[in-house]
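Engineer: Using UniProt numbering, read the sequence shown as starting at 1 and increasing by one per residue.
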Amino acid sequence: MSGDENQQSVDASKLFTNPQELEQVLFAMTQPNNENLKQATLMLADFMEKPQSINCLVQQLENSTKAEVRQLAAIYLREQFFFFFLFQFFNNIGFFQKKKKKIESFWKKIPHHIKEKLQKFLIEKLFSVKEKAERLAIAAVATSTAKYVLAKGEWKELLVALEKASKPDAPIEFREVKNMF
1 MSGDENQQSV DASKLFTNPQ ELEQVLFAMT QPNNENLKQA TLMLADFMEK
51 PQSINCLVQQ LENSTKAEVR QLAAIYLREQ FFFFFLFQFF NNIGFFQKKK
101 KKIESFWKKI PHHIKEKLQK FLIEKLFSVK EKAERLAIAA VATSTAKYVL
151 AKGEWKELLV ALEKASKPDA PIEFREVKNM F
């Protein structure tokens, strides 16, 4: 295979407008087909560069009928937030100045109503998803998000939900989620 064949061009724009297409790409990431996996990886790399990816991933968490797609969407959401918070931290001690500006720019581009929708959605899913792996992936996204927004005095609804999950009569699944924070 020549070097030119390795440098495939992908257009991830359809992933922003076609939820079924995004679902197929995410599902391809869970399948043992190397060619499809390679193409899906390239598309998702391009897709994840844009702040609009967050809303699309939330839609997959909300609407996909495939548990593995919902779980992978949660993992990619967490990745978006993880890098934001990691670089936020390192910038506070003097590292990654350029990367921090990129991450801050990314976060600021996310519309406020999307941030609010994400927070509400995460709380709802944390306490309604039946599959443990999916629930823990969603908890990881919520944890990453909480590190940033709670420091700013936002997302009091999460604190209320976690308080309810801490009660002795709360289902074990709720207490399990609470322990992630």
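No residue lacks a Cβ here, since even glycine has one placed at the ideal position from N, Cα and C.
Where do the N-terminal and C-terminal ends of the alpha helix (DSSP H) with Ala140 fall, by residue?
Structural biologist: Locating residue 140 in the sequence shown gives position 140, where the first residue counts as 1. Looking at the DSSP string, the run of the alpha helix (DSSP H) that includes Ala140 is Lys132 to Val149.
Engineer: Can you tell me which of the three DSSP states Phe174 falls into?
Structural biologist: Taking the first residue of the sequence shown as 1, we reach residue 174 at position 174. Correct three-state label for Phe174: helix.
Engineer: Using only the alpha-carbon positions, how far apart do Asn179 and Glu23 sit?
Structural biologist: Within the sequence shown, the letter at position 179 stands for residue 179. Within the sequence shown, the letter at position 23 stands for residue 23. Rounded to whole angstroms, Asn179 to Glu23 spans 30 Å at the Cα level.
Engineer: Closer than 7 Å by C-beta to Ala139: which residues in its own chain qualify, once you throw out the five before and the five after it? Chain order, please.
Structural biologist: Translated into positions along the sequence shown, residue 139 becomes position 139. Cβ neighbours of Ala139 beyond the five flanking positions: Leu126, Val177 and Met180.
Engineer: Output the distance between the C-alpha atoms of Lys109 and Leu118, rounded to the nearest integer angstrom.
Structural biologist: Position 109 of the sequence shown, counting from 1, holds the residue named residue 109. Position 118 of the sequence shown, counting from 1, holds the residue named residue 118. Lys109 and Leu118: Cα-Cα distance of roughly 14 Å.
Engineer: Below 8 Å CB to CB, which residues in the same chain sit around Glu21 once its five sequence neighbours on both sides are set aside?
Structural biologist: Position 21 of the sequence shown, counting from 1, holds the residue named residue 21. Non-local beta-carbon contacts of Glu21 in its own chain, meaning distances under 8 Å to residues more than five positions away in sequence, involve Lys14 and Leu15 in chain order.
Engineer: Can you name, in chain order, every residue of its own chain whose Cβ lies under 8 Å from the Cβ of Asn92, other than the five neighbours on each side?
Structural biologist: Here residue 92 refers to the residue found at position 92 of the sequence shown. Reliability fails at Asn92, whose pLDDT of 49 lies under 50, so the model's placement of it is uncertain and the value that follows must be treated cautiously. Taken in chain order, the list of residues that qualify is empty.
Engineer: Nearest to Arg175 by CA position, among Asn34, Lys132 and Glu79, is which residue?
Structural biologist: Translated into the one-based positions of the sequence shown, residue 175 becomes position 175. Measuring from the Cα of Arg175, the nearest candidate turns out to be Lys132.
Engineer: I'd like to check one pair, Ile114 with Gln80: are the Cβ atoms closer than 8 Å?
Structural biologist: Position 80 of the sequence shown holds residue 80. Position 114 of the sequence shown holds residue 114. No, the pair does not count as a contact, with Cβ atoms beyond the cut-off.
Engineer: If I'm right that Ala28 touches Asn36 with Cβ under 8 Å, what's the distance once you round it to whole angstroms?
Structural biologist: Here residue 28 refers to the residue found at position 28 of the sequence shown. Here residue 36 refers to the residue found at position 36 of the sequence shown. At roughly 4 Å, the Cβ-Cβ gap stays under 8 Å, so Ala28 and Asn36 are in contact.
Engineer: Going along the chain, which unbroken runs of the alpha helix (DSSP H) with 4 or more residues stay wholly within the region 26–85?
Structural biologist: 34–47 and 52–63
Engineer: By the three-class DSSP mapping on this structure, what secondary structure does Ala165 have?
Structural biologist: Counting from one through the sequence shown, the residue named residue 165 turns up at place 165. Residue state for Ala165 is assigned as helix, using DSSP reduced to three classes.
Engineer: Would you give the residue range spanned by the alpha helix (DSSP H) that Ile114 belongs to?
Structural biologist: Within the sequence shown, numbered from 1, the residue matching residue 114 stands at position 114. Ile114 -> alpha helix (DSSP H) spans His112 to Leu126.
Engineer: Roughly how many whole angstroms lie between the Cα atoms of Val58 and Ser64?
Structural biologist: Counting from one through the sequence shown, the residue named residue 58 turns up at place 58. Counting from one through the sequence shown, the residue named residue 64 turns up at place 64. About 10 Å.
Engineer: Let me confirm a value: Thr17 is counted as buried when at least 16 other C-beta atoms fall within 10 Å, else exposed. Which label applies?
Structural biologist: The residue you call residue 17 lines up with position 17 of the sequence shown. Classification of Thr17: exposed, given that the 10 Å Cβ count is below 16.
Engineer: Is the beta carbon of Ala73 sitting closer than 8 Å to the one on Gln60?
Structural biologist: In the sequence shown, residue 73 corresponds to position 73, counting from 1. In the sequence shown, residue 60 corresponds to position 60, counting from 1. Result yes, Cβ atoms of Ala73 and Gln60 sit closer than 8 Å.
Engineer: Quick check: is the beta carbon of Leu15 nearer than 8 Å to any beta carbon in chain C?
Structural biologist: Among the chains in the structure shown there is no chain C, since it carries only a single protein chain.
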